[in-house]
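So the mapping is simple: the numbering used here equals the position in the sequence shown, first residue as 1, plus 77.
Idealized CB from N, CA, C, for every residue including glycine.
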Amino acid sequence: MSCEQPPSRLKMRLSKPLIAATLGVLFCLFAPEGLPISVAQAAEADYPRLVPVGTGATAGASPPSIRFVTSDDFPPFNFVDGSGLITGFNVEVARAICARLSIPCTVQVRPFPLLLEAVRENKADAIAAGVADTPALRQHLSYSVPYFREPARFVRRWPALVEPSPRTLAGKSVGVVTGSRYADFIQDFFPAAKPQPAGSEAELFALLKSGEVDAVFTGAVGASFWLAGPVAKGCCAFSGGAYTEPAYFGDGMKIAVAADNAALKASIDGALRALDADGTLADLALRFFPESLY
Numbered sequence: 078m079s080c081e082q083p084p085s086r087l088k089m090r091l092s093k094p095l096i097a098a099t100l101g102v103l104f105c106l107f108a109p110e111g112l113p114i115s116v117a118q119a120a121e122a123d124y125p126r127l128v129p130v131g132t133g134a135t136a137g138a139s140p141p142s143i144r145f146v147t148s149d150d151f152p153p154f155n156f157v158d159g160s161g162l163i164t165g166f167n168v169e170v171a172r173a174i175c176a177r178l179s180i181p182c183t184v185q186v187r188p189f190p191l192l193l194e195a196v197r198e199n200k201a202d203a204i205a206a207g208v209a210d211t212p213a214l215r216q217h218l219s220y221s222v223p224y225f226r227e228p229a230r231f232v233r234r235w236p237a238l239v240e241p242s243p244r245t246l247a248g249k250s251v252g253v254v255t256g257s258r259y260a261d262f263i264q265d266f267f268p269a270a271k272p273q274p275a276g277s278e279a280e281l282f283a284l285l286k287s288g289e290v291d292a293v294f295t296g297a298v299g300a301s302f303w304l305a306g307p308v309a310k311g312c313c314a315f316s317g318g319a320y321t322e323p324a325y326f327g328d329g330m331k332i333a334v335a336a337d338n339a340a341l342k343a344s345i346d347g348a349l350r351a352l353d354a355d356g357t358l359a360d361l362a363l364r365f366f367p368e369s370l371y
């Protein structure tokens, strides 16, 4: 991708991508039946810790201010509310970073394809919009530690909410969006299940509600909104744990800054670690998502 092309958005197959480490439990467990460790199985908290304690660079002096830039077309992460104000999970994380650093900040709104340009032209300091972390973009941008990883989840109809495993799903139909990382994950770790392809997430949930599939496997954000909405009508629920395997579901959402602005990245990293440790990130997630994603 050339530097003239717009950045791509991190797909919310993201795994709010977090490295689970509640009381160190995750690092002591082995994945059952050959599966990657499920966050919900390993962690006792609704939202696992962002990064292991004590890792990464130590932030130096805080910048005098931060000019964030975002788009307004990615709810619930960045959007304009009923009062005409920009808000969303990404936006409030940006504001929380500034509050933690005790500095003023601004949040500008631009079309998504112009976000990189704003940083390159020094019209903004940082992007809070889920810009993908790719080798091409790393020529121009540096990325913070991840502050959100969307897990993948199984969703099933009541009352069939047994713990999903290669054994319990053997011979069962599992809906997945065609060509998605969720489809790849089912193929690799649930080989005895019968994948049922769907062309979209809406079609996926329609198959589940009608009983045409035994379960679906998809991103927890979209699933949480569907489960809480009028279409589902209480038919279904999350089943089993949450999966955040980075090889399938990505590294997670990060703040992007200019590649040569190491000081700003260090300050943002330090603020994000503090916001994770004191529960602010988890609180913001519960504010913008209808239920716990984990």
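_Comparing C-alpha positions only, which one of 247, 143, 279, 265 sits nearest to residue 299?_
Reading the sequence shown from its first residue, position 222 is the one you call residue 299. Residue 279 is the option with its Cα nearest to residue 299.
*Mind checking whether residue 229 and residue 320 have CB atoms under 8 Å apart?*
Working through the sequence shown from its first residue, we reach residue 229 at position 152. Working through the sequence shown from its first residue, we reach residue 320 at position 243. Cβ distance < 8 Å, so residue 229 and residue 320 count as in contact.
*Where do the N-terminal and C-terminal ends of the beta strand (DSSP E) with residue 230 fall, by residue?*
Within the sequence shown, numbered from 1, the residue matching residue 230 stands at position 153. Bounds of the beta strand (DSSP E) holding residue 230 are 229-234.
*Determine the extent of the beta strand (DSSP E) in which residue 156 is found, giving its start and end residues.*
For the purposes of this step, residue 156 is taken as the residue at position 79 of the sequence shown. Its beta strand (DSSP E) spans residues 155-157.
*Just to confirm, are residue 201 and residue 209 a CB contact at a threshold of 8 Å?*
Translated into the one-based positions of the sequence shown, residue 201 becomes position 124. Translated into the one-based positions of the sequence shown, residue 209 becomes position 132. No. Outside cutoff.
_Suppose the cutoff is 8 Å on Cβ atoms and the five residues either side in sequence are ignored; what does the same chain contact list for residue 171 look like?_
Residue 171 sits at position 94 when you count from the first residue of the sequence shown. If we look at residue 171 and ignore the five residues flanking it on each side, its Cβ neighbours are 143, 145, 147, 182, 184, 203, 205, 332.
*Selected residue, minimal CA-CA separation from residue 149, among 163, 138, 296, 141*: As a first step, residue 149 is located in the sequence shown; it is residue number 72 there, counting from the start. A check of alpha carbon separations from residue 149 across 163, 138, 296, 141 identifies 163 as the nearest.
_Considering Cα atoms alone, identify which of 152, 354, 344, 367 is closest to residue 138._
Numbered from 1 along the sequence shown, position 61 holds the residue referred to as residue 138. Per the Cα distances, 344.
*With a cut-off of 8 Å, do at least 3 Cβ pairs link the segment 247-267 to the segment 323-330?*
They touch, by the three-pair rule.
*Candidates 186, 303, 250, 357, of which the one nearest residue 269 by Cα*: The residue labelled residue 269 in the question sits at position 192 within the sequence shown. Closest by alpha carbon: 250.
*asked:* Less than 8 Å between the C-beta atoms of residue 339 and residue 218, yes or no?
replied: Here residue 339 is taken as the residue at index 262 of the sequence shown, counted from 1. Here residue 218 is taken as the residue at index 141 of the sequence shown, counted from 1. Going by C-beta atoms, residue 339 is not nearer than 8 Å to residue 218.
*What's the gap between the Cα of residue 347 and the Cα of residue 245?*
As a position in the sequence shown, residue 347 is number 270, starting the count at 1. As a position in the sequence shown, residue 245 is number 168, starting the count at 1. Rounded to whole angstroms, residue 347 to residue 245 spans 43 Å at the Cα level.
*Could you give the residue range of the beta strand (DSSP E) that holds residue 219?*
Taking the first residue of the sequence shown as 1, we reach residue 219 at position 142. For residue 219, the enclosing beta strand (DSSP E) stretches over residues 218-220.
*Straight-line gap, residue 358 to residue 253 (C-alpha atoms, nearest Å)*: Counted from its first residue, the sequence shown places residue 358 at position 281. Counted from its first residue, the sequence shown places residue 253 at position 176. About 29 Å.
*residue 145 - containing beta strand (DSSP E), residue span*: Residue 145 sits at position 68 when you count from the first residue of the sequence shown. Residues 143-147.
*asked:* In the DSSP assignment, the alpha helix (DSSP H) including residue 175 goes from what residue to what residue?
replied: Locating residue 175 in the sequence shown gives position 98, where the first residue counts as 1. From DSSP, the alpha helix (DSSP H) with residue 175 extends over 166-178.
*Can you give the Cα-Cα distance for residue 167 and residue 240, rounded to whole angstroms?*
On the sequence shown, position 90 is the one that residue 167 refers to. On the sequence shown, position 163 is the one that residue 240 refers to. Straight-line Cα distance between these residues: approximately 32 Å.
*Whole-Å CB distance - residue 352 paired with residue 173, under 8 Å assumed*: As a working note, residue 352 is residue 275 in the sequence shown. As a working note, residue 173 is residue 96 in the sequence shown. A Cβ-Cβ separation of about 6 Å places residue 352 in contact with residue 173 under the 8 Å criterion.
*Please report the Cβ distance between residue 309 and residue 286, rounded to the nearest whole angstrom; I am assuming they are in contact, meaning their Cβ atoms lie under 8 Å.*
As a first step, residue 309 must be located in the sequence shown, where it is residue number 232. As a first step, residue 286 must be located in the sequence shown, where it is residue number 209. Contact flag correct, Cβ pair sits at about 7 Å.
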